[in-house]
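Following: one structure in structure tokens, then a few remarks.
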Amino acid sequence: MIAAPMALLLLLAWLLGHAQALPGWEGPLQGALKGIAAVAAGQIVGTVLRLAAPLKNHVLGAPLSMGLAALAFALMALFKLPLLWVLLGLGGLTCVGTYLLLRRRSAHGAGPAHHG
Amino acid sequence: MAPAPHTMADAPLTLADLATLFGHFLALSLMSIGGAITLVPDMHRRLVDDGGWLSDGDFTAAIALAQAAPGPNVLFVALLGWYSAGLAGALVCMLGIMLPSTTLALAASRWVANRRHWLSVQAFQAGMTPVTVGLLLATGWLIAPSPTQARALLLSVAVAGLVWRTRVRLIWLVAAGATLGALGWV
């Protein structure tokens, strides 16, 4: 079920590689790729903005959860740390903090822990 | 750019090279908590910054092409393999990313689904959300046009706004971006 789209995509990349060697084709094809890359980047950032909405209702509170997202971004994009460190370090801390808050909340009966 | 995918310094591809690539994607697959797209920054670090498997431009092109083409998102991994080490690279990278996530992750997601009332499972799911959002933002940052390309950046910002606020189909945005780019306006 993944073989067909994969073959299609590789064929496209192969064709693109050959077409760029043709005289007069390289400029427009490079330009089209640049345009598609700009759209892809925008699409991903747009998805982030949509995904950020649930952070407003996060157990840790909106400012902290958004700050943690920004920190994860900085560690990966700016400091180029290995993902494993970020997941175990920052992710681990965030999970433990969330767990403690959830436990305190359920102990106080403020909200049942049985809902997703 | 060469018509056929190139390898590192055009050295012949060895089995050890393919095993290295396979190992990278096997390891990455085990860390895919928010989907393969959140692994992009680490893939860039491993393949471009440290490994020199492919150029930054080819890395961006692989993700852009896969986002634009139909099919599951994870297929950008096949293109990364293709630009790194040809057809064998594409197959090895896909195998590496799919193998654990189709067996292990399936079992894990079932285990989690059966225990979603557990406080620890809820804490894990909620706790990882900010990290996942940050990783996705890093992915966008990585393939975004450089600040010197003002018009390309403008296009990215416009698309981000449209994706955020409207339900416009991605295929139209891709077509518009490709057309504008081919005409030399980006």
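If you read the sequences in order, they're chains X and A.
With our numbering applied, the first sequence covers 687 to 802.
With our numbering applied, the second sequence covers 423 to 608.
Cβ atoms here follow ideal geometry from the backbone N, Cα and C, with glycine treated the same way.
Through-space distance from residue j to residue i, alpha-carbon basis
| i | j | result |
| --- | --- | --- |
| His785(X) | Val543(A) | Going by the sequence as given, residue 785(X) is Tyr instead of His. Whole-angstrom Cα-Cα distance: 9 Å. |
| Arg367(A) | Gly518(A) | Any answer about residue 367(A) is impossible in this case: the structure gives chain A only from 423 up to 608. |
| Leu705(X) | Ser531(A) | The sequence given here has Ala at residue 705(X), not Leu. Answer to the nearest angstrom: the Cα atoms are 43 Å apart. |
| Val401(A) | His794(X) | As displayed, chain A neither begins before 423 nor continues past 608, which places residue 401(A) out of reach and without an answer. |
| Ile485(A) | Leu746(X) | 33 Å |
| Ala566(A) | Met465(A) | 16 Å |
| Gln716(X) | Pro709(X) | 13 Å |
| Ala535(A) | Leu541(A) | 13 Å |
| Leu440(A) | Ala690(X) | 23 Å |
| Gly775(X) | Glu712(X) | 45 Å |
| Ala707(X) | Leu602(A) | 21 Å |
| Gly783(X) | Ala699(X) | 45 Å |
| His494(A) | Ile688(X) | In the sequence on display, residue 494(A) carries Pro and not His. Taking the straight line from one Cα to the other gives about 8 Å. |
| Val581(A) | Ala572(A) | 14 Å |
| Pro522(A) | Leu450(A) | 10 Å |
| Met692(X) | Leu788(X) | 43 Å |
| Phe481(A) | Val470(A) | 8 Å |
| Leu757(X) | Leu502(A) | 27 Å |
| Leu695(X) | Arg791(X) | 49 Å |
| Leu764(X) | Ser568(A) | 14 Å |
| Leu595(A) | Leu584(A) | 9 Å |
| Trp533(A) | Ala604(A) | 48 Å |
| Val496(A) | Leu750(X) | 31 Å |
| Gly703(X) | Leu461(A) | 26 Å |
Nearest-angstrom beta carbon gap, residue j and residue i [assumed within contact, 8 Å]
| i | j | result |
| --- | --- | --- |
| Gly599(A) | Val725(X) | 4 Å |
| Gly556(A) | Ala755(X) | 4 Å |
| Arg468(A) | His446(A) | 5 Å |
| Ile459(A) | Leu526(A) | Their Cβ separation, rounded to whole angstroms, is 19 Å, which puts Ile459(A) and Leu526(A) out of contact at 8 Å. |
| Leu761(X) | Leu770(X) | Between Leu770(X) and Leu761(X) the Cβ distance is about 12 Å, and since that is not below 8 Å, they are no contact. |
| Leu577(A) | Val608(A) | 6 Å |
| Pro434(A) | Leu564(A) | Contact doesn't hold; Cβ gap of about 30 Å is too wide. |
| Ala438(A) | Phe759(X) | So it is not a contact: roughly 34 Å between Cβ atoms. |
Length at least 3, wholly inside the stretch 723-796 of chain X: the beta strand (DSSP E) runs in chain order: none
4-residue-minimum alpha helix (DSSP H) runs that sit fully inside the stretch 460-536 of chain A, ordered along the chain: 462-466, 478-490, 498-536
Length at least 4, wholly inside the stretch 550-601 of chain A: the alpha helix (DSSP H) runs in chain order: 572-587
Contact set between the stretch 514-545 of chain A and chain X, restricted to residues whose Cβ is under 9 Å from the partner: Met516, Met520, Arg538, His539, Trp540, Leu541, Ser542, Gln544, Ala545
Residues in the stretch 754-781 of chain X having any Cβ partner in chain A nearer than 9 Å: Contacts with chain A (Cβ-Cβ distance below 9 Å) from the stretch 754-781 of chain X involve Leu754, Ala755, Ala756, Leu757, Ala758, Phe759, Ala760, Leu761, Met762, Ala763, Leu764, Lys766, Leu767, Pro768, Leu769, Leu770, Val772, Leu773, Leu776, Gly777, Gly778, Leu779, Thr780, Cys781, listed in chain order.
Contact set between the stretch 551-566 of chain A and chain X, restricted to residues whose Cβ is under 9 Å from the partner: Thr551, Pro552, Val553, Thr554, Val555, Gly556, Leu557, Leu558, Leu559, Ala560, Thr561, Gly562, Trp563, Leu564, Ile565, Ala566
Chain A contacts made by the stretch 727-748 of chain X, where a contact means CB separation under 9 Å: For the stretch 727-748 of chain X, the residues whose beta carbon sits under 9 Å from a beta carbon of chain A are, in order, Ala727, Gly728, Gln729, Ile730, Val731, Gly732, Thr733, Val734, Leu735, Arg736, Leu737, Ala738, Pro740, Leu741, His744, Val745, Leu746.
Contact residues within the stretch 564-589 of chain A, judged by C-beta distance below 9 Å to chain X: Leu564, Ile565, Ala566, Pro567, Gln571, Arg573, Ala574, Leu575, Leu576, Leu577, Ser578, Val579, Ala580, Val581, Ala582, Gly583, Leu584, Val585, Trp586, Arg587
Residues in the stretch 706-718 of chain X having any Cβ partner in chain A nearer than 9 Å: Gln706, Ala707, Glu712, Gly713, Pro714, Leu715, Gln716, Gly717, Ala718
Residues of the stretch 458-481 of chain A whose Cβ lies closer than 8 Å to any Cβ of chain X, in chain order: Ile459, Leu461, Pro463, Asp464, Arg467, Asp471
Interface residues of the stretch 485-503 of chain A facing chain X [CB-CB below 9 Å]: Ile485, Ala486, Leu487, Ala488, Gln489, Ala490, Ala491, Pro492, Gly493, Pro494, Val496, Leu497, Phe498, Ala500, Leu501
Within 9 Å of chain A by C-beta, residues of the stretch 690-702 of chain X in sequence order: Ala690, Pro691, Met692, Leu694, Leu695, Leu696, Leu698, Ala699, Trp700, Leu702
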